[in-house]
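> For reference, the structure I am asking about is given below.
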Amino acid sequence: MAPAQSKDKSKGSGETGLQMGAVVGANFFTFGGSDASNVTTRTAFYAGTALTIPLGRTFFLQPELLYSAEGAKTSVVDSTFGTIEGTFKLAYISVPVLFGLNLGGGGSGLRLYAGPVLNLNVTCDLEATNQGSTMSSSCKDAGLSAKSSTVGATVGAGVRLRVGHGAILLDARYSRDLSDAFDGSNVRNQGLSVGAGFTVPLGAR
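Position one of the sequence shown corresponds to residue 157 (my numbering), numbered consecutively onward.
If you want it as structure tokens, here you go:
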């Protein structure tokens, strides 16, 4: 009887203990704000790690460390050169801190979450394509000064699928910056992210 009780206890701790894993997905971002005009969605990606901290069997805290490629696309018609397609390519180290609700308890089920996001800018580039030719430059060389950091918020939902002691995560979230991406301009990153991840319990044997 005693060995059986020990086995059940181990299984329970695997469901409700700390979980660490990797996440990856697609970003569909654009610019918002009063100075954002004639912009469309840029498709890019994000990838990183997530730590799930259970707060009982219903709630959880999930800090993440992500590389997130964002920005937007634009199109300008010039009387001399014709249509010029442009892309703002911004990349950040993003740190979301998500507070969530597990509707499936410690097992499989729907997850809802929201929280603040800190973004640290690592690159900012511009790309322009006209008549089959593409040119690239840094934002600084083009006279744009990207802010070193921004803050925002995210809200999302997903599904947690229990696999052994670990779990597969399928998520979709909407994120919007609350501060401007560039100095002296009311332009802010916003968009949808869709991705997947896999987590395993820390200290699993």
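Note that the Cβ used here is the ideal one computed from N, Cα and C, for glycine as well. Small disclaimer: the values here were computed from a predicted structure and weren't measured.
#1: Among the residues of its own chain, which have a CB less than 6 Å from the CB of serine 294, if the five just before and after it don't count?
#2: Going by beta carbon distance, what residues of the same chain come within less than 7 Å of serine 341, once the five residues before and after it are set aside?
#3: Determine whether the beta carbon atoms of threonine 306 and alanine 284 lie at a separation below 9 Å.
#4: Per DSSP, serine 292 forms a beta bridge with which residues?
#5: Who are the near neighbours of glycine 188 in its chain, counting only those whose CB is closer than 6 Å to its CB and skipping five residues on each side?
#6: Using CA atoms only, rank isn't needed, just tell me which of Thr243, Leu317, Val319 and Ile324 is closest to threonine 199.
#7: Using three-state DSSP, classify aspartate 339 as helix, strand or coil.
#8: Using DSSP with H/G/I as helix, E/B as strand and the rest coil, what is threonine 236?
#9: Is the CB of alanine 225 under 9 Å away from at least one CB in chain C?
#10: Check whether the segment 199 to 208 touches the segment 217 to 237, taking contact to mean three or more Cβ pairs, one atom from each stretch, closer than 8 Å.
#11: Please report the distance separating the alpha-carbon of serine 301 from that of threonine 239.
#12: Pick helix, strand or coil for arginine 344, following the three-state DSSP scheme.
#13: Taking just the CA atoms, how far does glycine 173 sit from threonine 186?
#14: Inspect the beta-carbon positions of glycine 177 and glycine 351 and report whether they are closer than 9 Å.
#15: Report the residue from Val273, Gly265, Ser289 and Lys296 whose alpha carbon sits nearest the alpha carbon of threonine 279.
#16: Once DSSP output is grouped into helix, strand and coil, what is the label at asparagine 194?
Answer, in terms of the structure:
#1: Looking up residue 294 in the sequence shown gives position 138. The answer, listed in chain order, is Asp281.
#2: Within the sequence shown, residue 341 is the residue found at index 185, counting from 1. For serine 341, where only same-chain residues beyond five positions count, the Cβ hits under 7 Å are Asp191.
#3: Counting from 1 along the sequence shown, the entry for residue 306 is found at position 150. Counting from 1 along the sequence shown, the entry for residue 284 is found at position 128. Contact: no.
#4: Position 136 of the sequence shown, counting from 1, holds the residue named residue 292. In DSSP, serine 292 forms a bridge with Glu283.
#5: For the purposes of this step, residue 188 is taken as the residue at position 32 of the sequence shown. The residues are Arg344 and Gln346.
#6: Numbered from 1 along the sequence shown, position 43 holds the residue referred to as residue 199. Checked all of Thr243, Leu317, Val319 and Ile324; the closest Cα to threonine 199 is Thr243.
#7: In the sequence shown, residue 339 corresponds to position 183, counting from 1. Aspartate 339 falls in the coil class under three-state DSSP.
#8: Taking the sequence shown and counting its residues from 1, one reaches residue 236 at position 80. Three-state DSSP puts threonine 236 in coil, outside helix and strand.
#9: Any reference to chain C falls outside this structure, which holds one protein chain only.
#10: yes
#11: On the sequence shown, residue 301 is found 145 positions in, with the first residue counted as 1. On the sequence shown, residue 239 is found 83 positions in, with the first residue counted as 1. Between serine 301 and threonine 239, the C-alpha separation is close to 25 Å.
#12: To locate residue 344, count along the sequence shown from 1; it is residue 188. Correct three-state label for arginine 344: strand.
#13: For this step, residue 186 is matched to residue 30 along the sequence shown. For this step, residue 173 is matched to residue 17 along the sequence shown. Spanning the two alpha carbons is a distance of roughly 37 Å.
#14: Translated into the one-based positions of the sequence shown, residue 177 becomes position 21. Translated into the one-based positions of the sequence shown, residue 351 becomes position 195. Contact: no.
#15: To locate residue 279, count along the sequence shown from 1; it is residue 123. Among Val273, Gly265, Ser289 and Lys296, the Cα nearest to that of threonine 279 belongs to Lys296.
#16: Within the sequence shown, the letter at position 38 stands for residue 194. Reduced to three states, the DSSP call for asparagine 194 is coil.
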